[in-house]
Amino acid sequence: MKQIILLLSLFFSLYASDIRDVNKTSITFSIPTDKNLIVMQRNCQWCHSYGYILNQGRQNREFWHKLVIRMREVYKAPISPRDELLATEYLTKHFGVKE
Ligand code: HEC
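Residues in the sequence shown are numbered consecutively from 230, following the working numbering.
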């Protein structure tokens with residue numbers, strides 16, 4: 230009896246599953262263009278959108294520097310020491326606070 234109920238519920242759940250096209254929202258976040266944008270493109274863009282950066286609001290240099298280091302040490306982003314400084318410079322310039 231249990232098996233029949235199980236089979237019937239499996240059948241109905243498969244039958245009831247409705248496969249439709251779902252419209253997924255796609256948001257493109259853009260960040261300021263300058264000579265170091267290329268550094269951001271080659272180091273940051275391929276794991277997540279720039280939305281993560283924009284969501285942080287304005288922060289000081291130390292915050293951005295620690296964040297870039299965290300991306301490398303915790304999430305294993307292969308960021309070179311030179312790009313670490315250039316990305317920090319870029320982030321502080323465009324998303325920094327007046328110190
Ligand atoms: C190897 C993949 C990878 C790369 C490359 C990468 N990140 Fe991340 N980043 C992550 C992951 C994973 C998270 C955490 C995601 C989550 O919590 O949902 C994250 C989170 C963030 C956050 C949100 C705040 C936080 O601390 O969680 C910011 C801001 C951020 N990344 C900025 C950057 C910047 C700037 C760069 C380039 C210098 C970069 N990321 C490169 C993987 C990466």
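For each residue, glycine too, the CB sits at the ideal point set by N, CA and C.
- Query: Can K305 be considered in contact with the ligand HEC, in the sense that its beta carbon sits closer than 8 Å to one or more heavy atoms?
  - Reply: Taking the first residue of the sequence shown as position 1, residue 305 is located at position 76. Yes, Cβ of K305 sits closer than 8 Å to a heavy atom of the ligand HEC.
- Message: With a threshold of 6 Å on Cβ separation, who are the neighbours of L320 within its own chain once the five nearest residues in sequence on each side are excluded?
- Response: On the sequence shown, residue 320 is found 91 positions in, with the first residue counted as 1. Closer than 6 Å at Cβ, skipping near neighbours: W293.
- Item | Secondary structure, alpha helix (DSSP H): runs of 4+ residues fully inside the segment 269-323 | 280-283, 290-302
- Query: Does the segment 289-303 come close enough to the segment 257-264 that 3 or more CB-CB pairs lie under 8 Å?
  - Reply: no
- Compare the beta carbon distance of M269 and A306 with 9 Å and say whether it is the shorter of the two. Here residue 269 is taken as the residue at index 40 of the sequence shown, counted from 1. Here residue 306 is taken as the residue at index 77 of the sequence shown, counted from 1. Contact: no.
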